[in-house]
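Counting in our numbering, the sequence shown runs from 28 upward without gaps.
Data first, discussion second: the structure below is written as C-alpha cells.
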Amino acid sequence: MSVDVRKFVDVNITHSYQPSIVTIRDTAVLITSEGTEDTTKLVQSKAEWDAYIIGKTFTNTTPYVNIFFANGGAKLLIIEAESTSIATTLEDKYILIASVGLTLNDAKTLATTFDSTLEGTHRKILLARATNADVQTNPVLNGIKSLAVKYSEVVGAEMTIAAYLSKLKINGIDTVKDYAFTSETLAVDSTVVVDDALFDTLISYHLNFNLTLGGAIRNVGGNITSGYSLVNEYMLIVLHQTLTEQLLALLVTKIKGNQALSAIRTVLTQELEMYVLNGYLTNTKRWTYDDWIVTHNGIEFVVIQKDTPLPLGYYIQVLPWSALTAQELAANQAPAVYVVIADSYGIRKLSLTGGVI
C-alpha cells in the first residue's frame, strides 16, 4: 500500500473565486466488461488493437477504440473489468476515464463519487455520452466537475474528447488550446437536427456536440458539465501533479533555511513558466477580486491585493518564517506557499457592430 505523497507535499490550487521531472499525460483509460477480467492492454494504434483482438470478442469495445485513434488519440489503456469502480483506484497519471456502454445516469453517479473523493493530484475526468433521449429528460448535470459529456447517437463518440486531451503537449509552445471548434472525424447525427432551440439546450447543459462549421465537422461547446473549460480543468489537474512531482523532488534533496525558500520559488517558477509557454496560463490578467487574506497561527497575511496585475501569468507568495510556531519549526516545516494562476480562456463568440456611412 503506497503512502499518499500529500503527507510531504500538498498542492491545492483552486479557482480564484475560492479564497483559500515532467511526465506526459498522453494516456486515456477505457474500461470494458469484454475480454478477460483483470487484464490490461496499452495500445497506441488501431492496427495494434486489431492485432490484439484476433480470436477474441470485443464487439462493443472496438467502436470506442476506433473513434479514439481516428481522431489522433495518443495512447489508450484498455482495462478489462466487470465494474467501473476500478476507476477510483487508478494511478494519478490516468486522468481521462471512459467506460464501454456507460449510461448517462451511471456516469453521473460515478462522477459524483469522483467529485467527493478525489481531489488535487488524484482528480479524474469521466467521459460519457448523452443521447437525444437523455437530453429530452432534462438531465441534472450542472455542477459535476468530474464529468465531460458528448451529445451524439454515435456509440463511443465521447472518445473524441479523450483523443483531443491525450494529444496536448505539456512541454510544447502554444500547444494547449480550447477544445471548442476542433475538427473531428465523427459523423454528424442524421437522426437529430440541431436547430436553434436544441443548440441552446445543449449549451445550457454544457454538453459537447458536433456541427458542420467552416467546411468541417467540429466540436461545439468545450466545457465539462460544471461549466468550466474542459481543457482548463484538465490542465489544472496536470499542473497539480507536475508541481507536486517537482516539489517532492526538491524536498528529498534535504533543503533547509532561507535557501530552501529560494529553491521553492525557483522550482515553482520553472514549472509555471512551462504552462505559460504551452498556452495554459496567460500574462494578460489581473487579480480583480478582494484582497486575498489568510490567517496563520492567529496572524493575518495578505497573499495578493485587489487589482494586482499578473504579468507573468502567475503570482507566488511565501509566508515568512515568523509565521511558523515553535512547534512547526521544530517539526522542520516550511512556511505556507500560495500560488495564484491566470488560466487562458478561448474566445468562442464574436460580435461585430457597424454603421453605414
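No residue lacks a Cβ here, since even glycine has one placed at the ideal position from N, Cα and C.
Taking a C-beta distance under 8 Å as the contact criterion, S256 and Y372 qualify as a contact pair. With fewer than 16 other Cβ atoms inside 10 Å of its own Cβ, W348 counts as exposed.
L104 carries a strand assignment under DSSP once its states are collapsed to helix, strand and coil. Taking 8 Å as the cut-off, the beta carbon of I251 is found closer than this to the beta carbon of H233. Our two residues, D77 and E300, have alpha carbons roughly 41 Å apart in a direct line. At a Cβ-Cβ threshold of 8 Å, D142 and I171 count as neighbours. Note that the C-beta distance between R150 and G249 is not below 8 Å.
Burial state of F96 is buried, judged by a 10 Å Cβ sphere holding 16 or more other Cβ atoms. Every unbroken stretch of the beta strand (DSSP E) spanning 3 or more residues and falling wholly within the stretch 88 to 166 is given here in chain order: 102 to 107, 123 to 126, 152 to 157. In the DSSP assignment, W76 falls outside any beta strand (DSSP E) and lies within the alpha helix (DSSP H) extending over 73 to 79. In this structure, T187 is the residue among A214, K34, T187 with its C-alpha nearest to the C-alpha of K102.
Between N169 and S72, the gap from beta carbon to beta carbon reaches 8 Å or more. Distance from the Cα of T63 is smallest, within the candidate group A108, L145, R33, for A108.
I244: member of the beta strand (DSSP E) spanning 243 to 247, first to last residue. For Q268, the number of other beta carbons within 10 angstroms of its own is at least 16, and it is reported as buried.
For E61, the secondary structure class from DSSP, reduced to helix, strand or coil, is coil.
Note on geometry: alpha-carbon atoms of T158 and Q273 lie some 42 Å from one another. In the structure shown, N259 adopts helical secondary structure according to DSSP, grouped into three states. At the C-beta level, A114 and R156 stay beyond 8 Å of one another. Distance between T89 and G99, taken at the CA atoms: about 16 Å. The DSSP-derived three-state label of H233 is coil. With a 10 Å radius around the Cβ and a threshold of 16 neighbouring Cβ atoms, V367 comes out buried.
Counting other Cβ atoms within 10 Å of its Cβ, T148 reaches 16 or more and is therefore classed as buried. Taking a contact as a CB-CB distance under 8 Å, the pair A350 and H323 counts as one, their CB atoms being some 5 Å apart.
DSSP places I374 outside both helix and strand once states are collapsed to three, so it counts as coil. With a cutoff of 8 Å on beta-carbon distance, A175 and N237 are scored as not near each other. Annotated as distal: N259 and D119, with beta-carbon spacing of 8 Å or more. With 16 or more neighbouring CB atoms inside 10 Å of its own CB, S126 falls in the buried class. F226 and L270 have their alpha carbons spaced roughly 39 Å apart.
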